[in-house]
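> So for the sequence shown, our numbering puts the first residue at 3; every next one is plus one.
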Amino acid sequence: MADISKLESFVHEMEEELSLLEKEILDLRDFHISLLSNRETILKQADRNKYNFKNGFSTNRPGKDSTLSSIALLRSDEDFNKRLLDVFLTNRLDSAFSKIYYKYDFIAQVYTNSSKQISRVFPAYDIEDLISQDIDVTSFNFYYKGNAENNPTRGPVWIPEVYVDPVGRGWILSLIQPVYHNDSLYAVLGIDITVDEIISRYLEKGDEDYLIVTKNGDIVAGNSESIELLSFPPLRNHVYRETIQEDNFRISDFNLFNSKNQEVREMAEKLLFEGQNHYFFNEIFSPYSAYKVSFDLLDWILIEINPTPP
Numbered sequence: 003m004a005d006i007s008k009l010e011s012f013v014h015e016m017e018e019e020l021s022l023l024e025k026e027i028l029d030l031r032d033f034h035i036s037l038l039s040n041r042e043t044i045l046k047q048a049d050r051n052k053y054n055f056k057n058g059f060s061t062n063r064p065g066k067d068s069t070l071s072s073i074a075l076l077r078s079d080e081d082f083n084k085r086l087l088d089v090f091l092t093n094r095l096d097s098a099f100s101k102i103y104y105k106y107d108f109i110a111q112v113y114t115n116s117s118k119q120i121s122r123v124f125p126a127y128d129i130e131d132l133i134s135q136d137i138d139v140t141s142f143n144f145y146y147k148g149n150a151e152n153n154p155t156r157g158p159v160w161i162p163e164v165y166v167d168p169v170g171r172g173w174i175l176s177l178i179q180p181v182y183h184n185d186s187l188y189a190v191l192g193i194d195i196t197v198d199e200i201i202s203r204y205l206e207k208g209d210e211d212y213l214i215v216t217k218n219g220d221i222v223a224g225n226s227e228s229i230e231l232l233s234f235p236p237l238r239n240h241v242y243r244e245t246i247q248e249d250n251f252r253i254s255d256f257n258l259f260n261s262k263n264q265e266v267r268e269m270a271e272k273l274l275f276e277g278q279n280h281y282f283f284n285e286i287f288s289p290y291s292a293y294k295v296s297f298d299l300l301d302w303i304l305i306e307i308n309p310t311p312p
């Protein structure tokens, strides 16, 4: 029998650390709202020369000034000068973003995307090389998952489906928080963690063969040994964490229900849809057993794959 308490401790440790970010993003929301509420005063005091722009992108680059974000004014049909005032208004977010980013060593980036198609991301990146001027930030789940239809409570939301970051940081887990002004959605804040960081920080600490999966069976994170035990095709360099850094990798390809092993598909059915917390394999080419524990904070499931009897 697997030690379920060990799985529960793993989930608790991970969620306890991630839950700290919920308070951070709520404080960040309140600060953002205070900027919007004091618009005239802040605009009078704003440093309007903090950023320069070319083709809608801020011209600062990584390694030049570590206090700056990367800013994009997207969708060129919008009024550039009018939106530039919103940039001046929210420039103070840079220091707030920086404070959170350097406080937690597992954060990849902190950002805001506005309904006016203004994107501010900290730390700075090679913005003009990585995104198109025509990108619509409101079409991404890190924005629309925060809108009134998807988030009527207007609170923090963890997006369970990881996705390829449009600015090139690989596969991403996001915590988002809407910012409302005059009862309208003004922007959505985000704090990102890379899947690579989740693997290295949590899944590679011990010798256990752990997987983190969504409730529909997509493998969010796991070590290559556990994935190979479940009869999936060979991974790039046999390392899952390297594979998930590839933009052309589709996470749906590594879904438990796509395994070549019929017993793995049956295990997924029992654990994910029928409510069982363990499964014993029968075939000699299969692992020995699997045990699961559900996350509370995230809409995920932790599964331990045991290759042989204890």
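We treat Cβ as the ideally placed atom computed from N, Cα and C, and that holds for glycine.
#1: How long is the line joining the alpha carbons of Ser-72 and Ala-110, rounded to whole angstroms?
#2: If we count the other Cβ atoms within 10 Å of its Cβ and call it buried at 16 or more, is His-240 buried or exposed?
#3: Can Ile-193 and Ile-27 be called in contact, C-beta distance under 7 Å?
#4: Using 8 Å for Cβ pairs, my map puts Tyr-293 next to Phe-283. What's the rounded Cβ distance?
#5: So within the stretch 136-193, which uninterrupted alpha helix (DSSP H) runs reach at least 4 residues, ignoring any that extend past its ends?
#6: Helix, strand or coil for Asn-308? Go by DSSP, reduced to three states.
#7: Measure the alpha-carbon distance for Arg-171 versus Glu-271 and round it to whole angstroms.
#8: Would you kindly work out how many angstroms separate the C-alpha atoms of Val-181 and Phe-33, rounded to a whole number?
#9: Distance check for Glu-17 and Gly-148, CA to CA, integer angstroms please.
#10: When burial is assigned at 16 or more other CB atoms within 10 Å of the CB, is Thr-92 buried or exposed?
#11: What residue range is occupied by the uninterrupted alpha helix (DSSP H) comprising Phe-82?
#12: Taking contact to mean 3 or more Cβ pairs, one atom from each stretch, closer than 8 Å, check whether the stretch 182-192 and the stretch 201-213 are in contact.
#13: Taking all protein chains shown into account, do 16 or more other C-beta atoms lie within 10 angstroms of the C-beta of Glu-285, making it buried, or fewer, making it exposed?
#14: Could you name the residues of the same chain whose beta carbon sits closer than 6 Å to that of Pro-311, not counting the 5 residues immediately before and after it, in chain order?
#15: Identify the continuous beta strand (DSSP E) that holds Lys-217 and give its terminal residues.
In brief:
#1: The count along the sequence shown starts at 1 and reaches residue 72 at position 70. The count along the sequence shown starts at 1 and reaches residue 110 at position 108. One C-alpha to the other measures close to 14 Å.
#2: Your numbering for residue 240 matches position 238 in the sequence shown. Any answer about His-240 is weak, because its pLDDT of 43 lies below 50 and its placement is not dependable; what the coordinates show is given next. Under this definition His-240 is an exposed residue.
#3: Counted from its first residue, the sequence shown places residue 193 at position 191. Counted from its first residue, the sequence shown places residue 27 at position 25. For Ile-193 and Ile-27, yes; Cβs fall inside 7 Å.
#4: Here residue 293 refers to the residue found at position 291 when the sequence shown is read from its first residue. Here residue 283 refers to the residue found at position 281 when the sequence shown is read from its first residue. The pair is not a contact, with the Cβ atoms about 12 Å apart (cut-off 8 Å).
#5: 143-146
#6: The residue given as residue 308 occupies position 306 in the sequence shown. Three-state DSSP puts Asn-308 in a strand.
#7: Locating residue 171 in the sequence shown gives position 169, counting from the first residue. Locating residue 271 in the sequence shown gives position 269, counting from the first residue. Cα to Cα, Arg-171 sits roughly 33 Å from Glu-271.
#8: Position 179 of the sequence shown, counted from the first residue, corresponds to residue 181. Position 31 of the sequence shown, counted from the first residue, corresponds to residue 33. Approximately 10 Å between the Cα atoms of the pair.
#9: Within the sequence shown, the letter at position 146 stands for residue 148. Within the sequence shown, the letter at position 15 stands for residue 17. Whole-angstrom Cα-Cα distance: 21 Å.
#10: If you number the sequence shown from 1, residue 92 lands on position 90. Answer is buried; the Cβ neighbour count reaches 16.
#11: To locate residue 82, count along the sequence shown from 1; it is residue 80. Looking at the DSSP string, the run of the alpha helix (DSSP H) that includes Phe-82 is 82-92.
#12: no
#13: Within the sequence shown, the letter at position 283 stands for residue 285. Result: exposed.
#14: Along the sequence shown, one-based indexing puts residue 311 at 309. Result list for Pro-311: Tyr-290, in chain order.
#15: Indexing the sequence shown from 1 puts residue 217 at position 215. From DSSP, Lys-217 is part of no beta strand (DSSP E); its letter is neither H nor E.
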